[in-house]
Structure formats: structure tokens, C-alpha cells
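A.B. asks: Per my numbering, the very first residue in the sequence shown carries number 20; after that it's consecutive.
Just so it is clear, CB atoms sit at the ideal spot from N, CA and C, and this is done for glycine as well.
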Amino acid sequence: MDNKIKLMMVLITLSFALSSCSVEEADVIIHNATVHTLDELNSKAEAIAIKNGKIIAIGPEHEIMNKYYAPNTIDAQKGGVFPGFIDGHAHLTGFAKGKLEVSLVGTASFEEVLERCKNFNPVVEHEWLIGRGWDQNDWNIKQFPDNVTLSELFPDKPVMLTRIDGHAALLNKKALEIAGFTVDTKIQGGKLLKKNGELTGVILDNAIEEVKKHIPDYTYEQKKKAFIEAQNELLSYGLTGVHDAGISQEDLAFFKKLEEEDILKINIYAMLSVTTENIDELQNFTPYESKHISVKSVKLYADGALGSRGACLLQPYADDTTNYGFLLYPISFLDSVAQICYEKKIQLCTHCIGDSANRVMLNIYKKYLQKPNDRRWRIEHAQVIHPDDRVIFNGVTVIPSVQPTHATSDKPWVESRLGKNRLNEAYAYRSLWEQNKLIALGTDFPVEHPNPLYTFYSAVFRKNFFVKNDKPFAPEEALTPLQTLKGMTIWNAIASFSEQSKGSLEVGKDADLVILNYDLLQAEESIMEKTEVLYTFVNGESVFKK
Ligand SMILES: [Zn+2]
């Protein structure tokens, strides 16, 4: 043989030997993908290698494919790969419970509400009939209902039907009786509506909390069944994490038990609810951290919601000119919670809808926080904010946590509540983002649909996906597709102190990711029809596959 050929063969053998011994084993490889890492440089990549739940390599196709081998190799066929979506504000137990209750979302009339209650066939038997999700603004008669027909339909079974925002509920006579409500009942931070000197059955805010005390809880097994169903649904939307905006100690114990039984797959960043009744818990607050659960923050409610005119405004409602709404607690109480949170280094997340509630709370924040600070205190909803008050978000680095689908769902009636002149104050996401170049995005599910693609659509196009030929609402307040995706991932990680391990696709971080059949950043209006979730991974484990 020619010496030259001999030499070449030796070289080829040698290079094969070298390359094969440098091949490393991974658990999963995702390749042929359009990977948006959402790291600081918004780098793109084509392939990812995952081992022991972490991302061990990310880069060009040839680099990853030459270096790694994995028993599970997924060809993404050029589809979009993103960090797992995180919902920045939701109610997980409420959503799971919804699987046991009659859904009244999307009812076109009060008659339809009654119809759904009559036909409801529960998964588990319960003493009460619980429903949720009606909105009188969707009905032809846009007024609060009364309980006359409901009480006739259900004379012996107590019924509570909560409004979509959770701030109003309709009770039948049996339920009012069990709660001990009469025309003379007075409740701080709550209201019992009356007509001709009689209770209509509609109650607001803290009155609902009173009623809840009389409703027997579901058993662990019932709740577990509902949770599994709910979790599977969330994972199928590409959600890998949820910020639960208000849990009780019982909810936390429930999550811990689910984790013990290896049922919990989704990551939960939970805010402990604080009220006048459990303020002692706040004094003894200890953070909690496990594989899937993190508790470092508390949730405080400053006011109610716009739909039920419970949001606290600086000027009266345009469609109820003596009504300003109301704060749920005295300012001194709101202030004392902030003080404890400041002293004990707890993250404070406060529900503020009206411009008065926002002003009160932002000024309380300003009293305790300096600039710069890394407390990451949040305003949940940040829905109606006087333009003069926006600068406080930047002034003391407060994170606005908003729900883009609220803007597009509320659009049909929000002008009647606020009037034309105040509309520029509402759902001003772009202006809020400007403050710290950061905004946390969520859905408030079960108030809105949990699918984060609707959030993307509403934030970018400012239209309601469910309304045909919808006109955009204040399009100048739209977020860009990239801002929106960051708001659904890395900025939510920052808002929950978890950006070291979550929120972007980088070596060393948790392998929480979603594979779509489409690159969302193309951001065409037809994304909703085009986009499908193919896989969801949490900690390197495939938890959903289409
Ligand atoms: Zn909420």
C-alpha cells in the first residue's frame, strides 16, 4: 500500500477513536430546534443536552450532536424551544377546586347560570353546590342577579355562585341562613346587597370569606383527584411554574403532601395570604424551600375588583357616581403588614386594582423601601394607576405583576366604570414596563384561562382572542413579543428570586422547558391556530407529551 494512503488511514482511525471517546452521555437531547434561551443576550441555539435535571450544554446543532449521546433524543423539527412558562399570578388550589365545582364562565345570561347549576353532575358529592365564573357584564341584563329563582330551584341545598373575579357571590336563601346573614348583618370590608329592604343574595368581598367558613372542606383524596387533573391541564399548556397568589397554611400542607407522594410536578412559588385574622402567622413567618415549593412572600389584599365596583378609586365610578369602592383594611393595617415584611425581610405582594389602592400601597412601599433595594416587593394587578404614581415603581424598585388577558376581557365594560378620561390609567403595561424594564406576567387563573398563549396574544396584540374581529385596546400599551416572553419566563423568575435556576435556558439551570411546533417570536396574529405544545419538561423530566 502506498505510504500516503497508509498514513491517511491511520489518521482517520485515530480521529474516530478520539471523537468516540469524547462523546458524553446525556439523559435527553433536543435538537433541530429554534431555541430561544432568553438569556441576557437573548441568544439563540439549535440544540440542548440535559442530564440529572439540568441543562449541561446548549449551542449549535453540530456541536451538541457531536459531543453528546442520549437515550432520549428529540427532533424538534425547527419548532420553538423556550424556557418553561411561568404564570406570575394564579390561584392553583382555586383552579383545582374548580374541577369539583360548576363552571359559570362564559354564561350569556343568568338563565344559563341556573341551567348549568341544574344540570351539574359533580365528580364527588358535596353538601353545598358551589359555582364560579359568572359575569353580569356578559349578560343581556347587565345587573347583579337576585336569588329568588335560585332559592326555588334549591330550597334545601345551600348554593354559592361566585363572580368571575371572586369579589362578589350570589347565595340562595338556604346559604344565607347557614351563614347567619340577615338584613341587619354588617361586615367590615364586605357588603350584603339589598333591594326593597331585603337581601338580594349578592354579597361582596369579606362577606364571602365569612360564608366560606361554613362550607365543609373536601377530603384529601377528593382534592388530590382534582389537583392531578388541574396539574395535567397546566403542564399541557407548557407551564412549568406557577406563582400562587395567596395560600393558607392548609394549602401549603396540601402541597407538601402532594410532593411527598411524588404527585407534584409543577413548581409552585406560593404567597402566604395575610389578613387581620392571621397576622400572628406573619410574625412567625419562616421561609420554606423544597424541590417544587418555595414560600418567601406574603399576599395582602388592598381592595376588590373593578367589575363588582369594589376597586378603590381616587374619583367615583363613572357609572355609580357616589361610589369610590373601598379599601379592604384600614391603612394602618396595610402599613403594619409592610413594616413586618420589611423588618423580617419577607417579600410583600399586594393586590391593588383601583388608583386609590395603588397610591396608598405605593406610598407605604416608599416609606420602607430605599433605592436601590433587592426586596422585589410586588404590586399584583397594578390595574388602574394614576400616571403621577408610576414613577414610584422605579423610585423604590417595585415589580408590577399584571395579567394581559384582564385588559382584553375587561375592555367591553371598563370605560363605563372609569369613564373616558381615566382610561389611560388602566392596563398600561408598556408604561409600567418602562419603569424598571421589567414586568411580571400572569393570568390570575381561574379568573382567566390558564393557557399562557392567550397572555401572549393579549399582551402583543391587545385583543381578545375569543372575540371575532376584536379591535385593539390602547395598542400603545402593548408589549413586544420578546418582552412578553420574558414576562412569562425570566422576569417571573426574578419576581420569585429564582433566576439562578429558572427562567432562561442556560448551562447549569434547571431543565424546565417547552417545545412548540412553532416559533412564537414570529408573532403573527395567527399564532393561536398555529401553535401547539409538543413537550413540556420540568427538571429534565418529560411531564407532557402531545
Ligand atoms: Zn388573584
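1. Output the distance between the C-alpha atoms of V132 and A76, rounded to the nearest integer angstrom.
2. Alpha carbon to alpha carbon, how far is P235 from F139? Give it in angstroms, no decimals.
3. Quick check on DSSP: helix, strand or coil for I404?
4. Short check: CB of E434 to CB of A324, under 9 Å?
5. Give the residues whose C-beta lies closer than 5 Å to at least one heavy atom of ligand 1, in chain order.
6. Among H145, I282, A89, E59, which residue has its Cα nearest to the Cα of A67?
7. Could you tell me which residues DSSP puts in a beta bridge with S12?
8. For the alpha helix (DSSP H) that G414 lies in, which residues bound it at each end?
9. In chain order, which continuous runs of the alpha helix (DSSP H) of length 4 or greater are located wholly inside the region 173-215?
10. By how many angstroms is the C-alpha of P102 removed from the C-alpha of L37?
11. Roughly how far, in whole angstroms, is the beta-carbon of N191 from the beta-carbon of N166, given that I think they are within contact range, below 8 Å?
12. Would you mind stating whether L347 and D322 have Cβ atoms separated by less than 9 Å?
13. Tell me whether Q402 is buried or exposed, calling it buried when 16 or more other Cβ atoms sit within 10 Å of its Cβ.
14. By the three-class DSSP mapping on this structure, what secondary structure does L133 have?
15. Using the DSSP secondary-structure output, state which residues sit across from N101 in a beta bridge.
16. Can you tell me the Cβ-Cβ gap for E399 and H108, rounded? I've got them flagged as a contact below 8 Å.
17. Grab me the residues of E217's own chain with a C-beta within less than 8 Å of its C-beta, minus the 5 sequence neighbours each way, in chain order.
18. Beta carbon of N91, beta carbon of V54: below 9 Å?
19. Over what stretch of residues does the beta strand (DSSP E) that includes D299 continue unbroken?
20. Taking the straight line between their C-alpha atoms, what separation do you get for L33 and V526?
21. Report yes or no: do the region 512-520 and the region 241-251 share at least 3 C-beta pairs separated by less than 8 Å?
22. Where do the ends of the beta strand (DSSP E) carrying D94 lie?
23. Skipping 5 residues on each side, what residues in its chain have a beta carbon closer than 7 Å to that of F35?
24. Please state whether DSSP places C368 in a helix, a strand or coil.
25. Buried or exposed for K210, please, with buried defined as at least 16 other CB atoms from any protein chain shown within 10 angstroms of its CB.
26. M179 and I149 look like a contact to me (Cβ under 8 Å); what is the Cβ gap, rounded to whole Å?
27. Pairs of beta-carbons, one from the region 111-130 and one from the region 378-394, closer than 8 Å: are there three or more?
28. Kindly list the residues whose CB is nearer than 7 Å to the CB of E544, restricted to its own chain and excluding five residues on each side of it in sequence; keep chain order.
29. Given W147, which residues of its chain have a CB within under 6 Å of its CB, disregarding the five upstream and five downstream residues?
30. Tell me which residues share the same chain as F173 and place their Cβ nearer than 8 Å to its Cβ, disregarding the 5 neighbours each side in the sequence.
31. Excluding sequence positions up to five away, which residues of its chain have a Cβ less than 6 Å from the Cβ of K275?
32. I'd like to confirm the pairing. Which residues does DSSP put opposite S313 in its beta bridges?
33. Kindly indicate the opening and closing residues of the beta strand (DSSP E) around T259.
34. So, helix, strand or coil for I234, using DSSP?
35. Could you check if D286 is buried or exposed, using at least 16 other CB atoms within 10 Å of its CB as the buried criterion?
36. From the DSSP output, in three-state form, read off A36 for me.
C.D. replies: According to the structure data:
1. About 53 Å.
2. 19 Å
3. coil
4. no
5. A264, D463
6. The sequence given here places Ile at residue 67; Ala does not occur at that position. Of the listed residues, the one whose Cα sits closest to I67 is A89.
7. Residue 12 lies beyond the residue range present for the chain, which begins at 20 and ends at 565; the question has no answer from this structure.
8. 410-414
9. 192-198
10. Interpretation of L37 is limited by its pLDDT of 46, a score under 50 that renders its predicted location unreliable; no figure is taken from the coordinates.
11. Contact holds; Cβ gap of about 5 Å.
12. yes
13. buried
14. helix
15. With the sequence shown as reference, residue 101 is identified as Phe, and Asn is not the correct amino acid for it. Answer is V533.
16. 6 Å
17. V202
18. no
19. That residue, D299, is in no beta strand (DSSP E); its alpha helix (DSSP H) goes 298-302.
20. In this prediction, L33 scores a pLDDT of 48, lower than 50, which makes its location untrustworthy; no coordinate-derived value is stated.
21. no
22. 91-94
23. Confidence in F35 is poor, its pLDDT being 49 and thus under 50, which makes the residue's placement unreliable; the coordinate value appears in the next sentence. Counting only Cβ-Cβ distances below 7 Å, and skipping sequence neighbours, we find nothing.
24. Secondary structure of C368 (DSSP, three-state): strand.
25. buried
26. The beta-carbon distance between M179 and I149, rounded to whole angstroms, is 6 Å. This is short enough to meet the 8 Å contact definition.
27. no
28. F480
29. P177, I234
30. C136, L148, N191, K193
31. Result list for K275: empty, nothing under 6 Å.
32. Y288, E308
33. Segment 258-266, the beta strand (DSSP E) holding T259.
34. Three-state DSSP puts I234 in coil, outside helix and strand.
35. In the sequence as displayed, the identity of residue 286 is Asn instead of Asp. Buried: at least 16 other Cβ atoms inside 10 Å.
36. The predicted position of A36 is uncertain, since its pLDDT is 47 and thus under 50; a value taken from the coordinates is nonetheless stated next. A36: helix per DSSP, three-state reduction.
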